[in-house]
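**Student:** The structure under discussion is supplied below as structure tokens; questions concerning it will follow.
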Amino acid sequence: MSSHGDPIVMTSRKGGPLRGEAHVPGDKSISHRSLILGALAVGETKITGLLEGQDVLDTGRAMEAFGAQVINHGGGEWSVHGVGVGGFGEPENVIDCGNSGTGVRLIMGAMATCDMTVTFTGDASLNGRPMGRVTDPLALFGTIAVGRAGGRLPMTVVGAKDPVPVRYVVPVPSAQVKSAVLLAGLNAPGETVVIEKEATRDHTERMLVGFGADLTVEDTDEGRVITLVGQPELKPQTIIVPRDPSSAAFPVCAALLAEGSDVLVPNIGLNPTRAGLFYTLQDMGADLTFENMREEGGEPVADLRARYSPNMHGIEVPPARAASMIDEYPVLSVVSAFAKGQTVMRGVKELRVKESDRIDAMAKGLRAAGVTVDEGPDWWIVTGLGFGNVAGGITAESRLDHRIAMSFLVMGLATNAPMSVDDGGPIATSFPIFEGLMKKLGAGIVRANA
Numbered sequence: 001m002s003s004h005g006d007p008i009v010m011t012s013r014k015g016g017p018l019r020g021e022a023h024v025p026g027d028k029s030i031s032h033r034s035l036i037l038g039a040l041a042v043g044e045t046k047i048t049g050l051l052e053g054q055d056v057l058d059t060g061r062a063m064e065a066f067g068a069q070v071i072n073h074g075g076g077e078w079s080v081h082g083v084g085v086g087g088f089g090e091p092e093n094v095i096d097c098g099n100s101g102t103g104v105r106l107i108m109g110a111m112a113t114c115d116m117t118v119t120f121t122g123d124a125s126l127n128g129r130p131m132g133r134v135t136d137p138l139a140l141f142g143t144i145a146v147g148r149a150g151g152r153l154p155m156t157v158v159g160a161k162d163p164v165p166v167r168y169v170v171p172v173p174s175a176q177v178k179s180a181v182l183l184a185g186l187n188a189p190g191e192t193v194v195i196e197k198e199a200t201r202d203h204t205e206r207m208l209v210g211f212g213a214d215l216t217v218e219d220t221d222e223g224r225v226i227t228l229v230g231q232p233e234l235k236p237q238t239i240i241v242p243r244d245p246s247s248a249a250f251p252v253c254a255a256l257l258a259e260g261s262d263v264l265v266p267n268i269g270l271n272p273t274r275a276g277l278f279y280t281l282q283d284m285g286a287d288l289t290f291e292n293m294r295e296e297g298g299e300p301v302a303d304l305r306a307r308y309s310p311n312m313h314g315i316e317v318p319p320a321r322a323a324s325m326i327d328e329y330p331v332l333s334v335v336s337a338f339a340k341g342q343t344v345m346r347g348v349k350e351l352r353v354k355e356s357d358r359i360d361a362m363a364k365g366l367r368a369a370g371v372t373v374d375e376g377p378d379w380w381i382v383t384g385l386g387f388g389n390v391a392g393g394i395t396a397e398s399r400l401d402h403r404i405a406m407s408f409l410v411m412g413l414a415t416n417a418p419m420s421v422d423d424g425g426p427i428a429t430s431f432p433i434f435e436g437l438m439k440k441l442g443a444g445i446v447r448a449n450a
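Note that full-length UniProt numbering has the sequence shown beginning at 1, numbered continuously upward.
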């Protein structure tokens, strides 16, 4: 069931080609961070192109609860009047982060070194996800977290009254963990150091520098060493949010699968820590090109052109690429079902603890649709059947996971029989215009009660 209402059963089916331009929403990761860093700056931060999905709106409401002023001016224009590092006030009520693991973990980091007590909760999906990966390093600052068994929400976090800086080696590749520690380090004296053995998306580092933090990054034998000097005065910024590569993945992959398609997806952020899917698709033989390459706000940007690609083949995805495309593996598994041969995906245990166990969710749906999937704790293999050979004809469980729902709806645009998802409601958390955008391109996506 949807986190914000009754289940919305949605069905997609093979039809004509997809044509036109797909203007996807603003980047989700940058949108969250824009609101949080704006709240931690002194003065007014202006944001254009903010993703107005439920996850980001929940983060905006949380920033208001901590004392910042968040204003929606309409047309994607927002402003945040911040309270400064260490300026958060204790919220009067529980902070409800809805479906957003990114939101709750970053917010926990931002308040962890403030002298206050905050209770966090979320929907059924978020409340089932482990928070220990964040609360364990936050405890090094002096923070205390008490939640349900297994370190799950609802959870009460007591911020450190006298925080100390930390040196932390991230045990698994996770931008959320890294970012939570860096945000906590903002209000700790001295230098907080985070060491990554594998690089993850670096929006937090880039944006902290943009807001005026003293932060350096060094590649060493130990790994990627990020050093942050605590207690800065962050300066308000004017932010233009690039369009989200994770959202772009869906119209791009749909165009590769739907016969005769030619779709342009403009203004997509191609940060090297986020663009792994697109290089993987090219390696598989997809007709996918980058046009009008440029840089905006310190981030590489391009227009993506995706055309029907019936001759794609399976590959072994380089494990080192996993962190740069972790959210895109569900839709990659759909593309892999139509490619010839095996697509091998390793180093992906992070998928087990996302909004759902994404490997399990996709594997069960793909198998029910006639595709062979093998899996292990940290890997999975999809054996593609080739175009025209994927049966479909099932209703897949979305498991309150927006990316699972969208992936199976993309799949239905090329299967022999329609594909349905039991609840498309969670799509609104990250891609509220998905249904309308895909229909405008020509996709056959309908609601059961429409």
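Virtual Cβ for every residue (Gly too), placed ideally from N, Cα, C. Computed from a predicted model, the values in this text were never measured in an experiment.
Would you give the residue range spanned by the alpha helix (DSSP H) that Leu182 belongs to?
**Tutor:** Taken as a continuous stretch (DSSP letters only), the alpha helix (DSSP H) holding Leu182 covers Ala175 to Gly185.
**Student:** With DSSP run on the structure shown, which of helix, strand or coil describes Arg129?
**Tutor:** Three-state result, Arg129: coil.
**Student:** Beta-carbon within less than 6 Å of Ala175's beta-carbon, same chain only, minus the 5 sequence neighbours each way: which residues are those?
**Tutor:** Cβ neighbours of Ala175 beyond the five flanking positions: Thr200 and Arg201.
**Student:** For Arg152, which residues of its own chain have a beta-carbon under 8 Å away from its beta-carbon, when the five flanking residues on both sides are left out?
**Tutor:** Asn127, Gly128, Arg129, Pro130 and Met131.
**Student:** Determine, using beta carbons only, whether Thr192 and Val209 come nearer to each other than 9 Å.
**Tutor:** Taking 9 Å as the Cβ cut-off, Thr192 and Val209 do not qualify as a contacting pair.
**Student:** Determine, using beta-carbon pairs with one atom in the stretch 277-291 and one in the stretch 314-333, whether at least three such pairs fall under 8 Å.
**Tutor:** Result yes; three or more Cβ-Cβ pairs closer than 8 Å.
**Student:** Please state the DSSP three-state secondary structure of Leu37.
**Tutor:** In this structure, Leu37 counts as helix in the three-state DSSP scheme.
**Student:** So, with DSSP's three-state summary, where would you put Pro91?
**Tutor:** Three-state DSSP puts Pro91 in coil, outside helix and strand.
**Student:** So Glu222 packs on Ile195, CB below 8 Å; how close in whole Å?
**Tutor:** That pair is a contact at about 6 Å.
**Student:** Along the chain, where does the alpha helix (DSSP H) containing Gly276 start, and where does it finish?
**Tutor:** First-last of the alpha helix (DSSP H) with Gly276: Gly276 to Asp283.
**Student:** Return no unless some Cβ of chain C is closer than 9 Å to the Cβ of Val181.
**Tutor:** Absent from the structure is chain C; it holds one protein chain and no more.
**Student:** Please name the residue or residues paired with Thr415 in a DSSP beta bridge.
**Tutor:** Paired residues: none, contrary to the question.
**Student:** Out of Ala363, Leu256 and Trp380, which one is the CA nearest neighbour of Val317?
**Tutor:** The shortest C-alpha separation from Val317 is found at Trp380.
**Student:** For Asp136, which three-state DSSP category applies?
**Tutor:** Looking at Asp136 - three-state DSSP - the assignment turns out to be helix.
**Student:** Looking only at its chain, what residues have a beta carbon closer than 7 Å to the beta carbon of Gly190, apart from the 5 residues adjacent to it on each side?
**Tutor:** Cβ neighbours of Gly190 beyond the five flanking positions: Pro165 and Gly230.
**Student:** Measure the alpha-carbon distance for Leu385 versus Ala306 and round it to whole angstroms.
**Tutor:** Each residue's Cα considered, the two are about 21 Å apart.
**Student:** Straight-line CA distance for Pro236 to Ala184?
**Tutor:** In a straight line, the C-alpha of Pro236 is about 19 Å away from that of Ala184.
**Student:** Does Ala149 pass the burial test, meaning 16 or more other C-beta atoms within 10 Å, or should it be called exposed?
**Tutor:** Exposed.
**Student:** Check whether the Cβ atoms of Leu304 and Glu291 sit closer than 9 Å, and answer yes or no.
**Tutor:** It is a contact, given that the beta carbons lie within the stated cut-off.
**Student:** Using C-beta distances below 7 Å, list every residue in its chain close to Ala275, excluding the 5 sequence neighbours before and after it, in chain order.
**Tutor:** Only Pro245 and Ser324 meet the Cβ criterion.
**Student:** Alpha carbon to alpha carbon, how far is Val169 from Thr216?
**Tutor:** So the two alpha carbons sit approximately 16 Å from each other.
**Student:** Taking the C-alpha atoms as reference points, what is the distance between Gly376 and Ile315?
**Tutor:** Approximately 18 Å, taken between the alpha carbons.
**Student:** For a test of the three-state rule: what should DSSP assign to Arg399, helix, strand or coil?
**Tutor:** Reduced to three states, the DSSP call for Arg399 is coil.
**Student:** Spatial neighbours of Phe141 within its chain, please: CB distance less than 7 Å, with the 5 preceding and 5 following residues excluded, ordered by chain position.
**Tutor:** So the list reads Ala112, Thr113, Ala160, Pro163, Val164, Val166, Ala184 and Ala188, once near-sequence residues are dropped.
**Student:** Check Glu435 in the structure and name its three-state DSSP category.
**Tutor:** Note: Glu435 maps to helix in three-state DSSP.
**Student:** Looking only at DSSP bridge pairs, what is Asn292 linked to?
**Tutor:** The partner list for Asn292 (beta bridge, DSSP) is empty, contrary to what the question assumes.
**Student:** Among all the DSSP beta bridges, which residues are the ones paired with His313?
**Tutor:** Per DSSP, Lys340.
**Student:** If distances are taken between C-alpha atoms only, which option among Asp401, Thr383, Ala428 and Asp327 comes closest to Pro173?
**Tutor:** Measuring from the Cα of Pro173, the nearest candidate turns out to be Asp327.
**Student:** Is it true that the CB of Ala414 sits closer than 9 Å to the CB of Val390?
**Tutor:** Yes, these two residues count as a Cβ contact at 9 Å.
**Student:** Put Ser31 into one of helix, strand or coil per three-state DSSP.
**Tutor:** Note: Ser31 maps to helix in three-state DSSP.
**Student:** Return the CA-CA distance between Tyr329 and Ile36, expressed in angstroms with no decimal places.
**Tutor:** Cα to Cα, Tyr329 sits roughly 27 Å from Ile36.
**Student:** May I ask which residues mark the beginning and end of the alpha helix (DSSP H) holding Val250?
**Tutor:** Correcting the residue identity first, residue 250 is Phe in this sequence and not Val. Start and end: Pro245 to Leu257.
**Student:** Using the beta-carbon count (16 or more within 10 Å), is Asp374 buried or exposed?
**Tutor:** With fewer than 16 other Cβ atoms within 10 Å, it is exposed.
**Student:** Going by Cα to Cα distance, which pick from Asp219, Thr238 and Thr220 is closest to Phe211?
**Tutor:** Considering only alpha carbons, the answer is Thr238.
**Student:** Contact defined as beta carbons within less than 8 Å: I believe Asp55 pairs with Ser407. What is the distance between those atoms, to the nearest angstrom?
**Tutor:** That pair is no contact at about 18 Å.
**Student:** Are three or more beta carbon pairs between the stretch 58-78 and the stretch 260-270 nearer than 8 Å?
**Tutor:** Verdict: no, contact absent.
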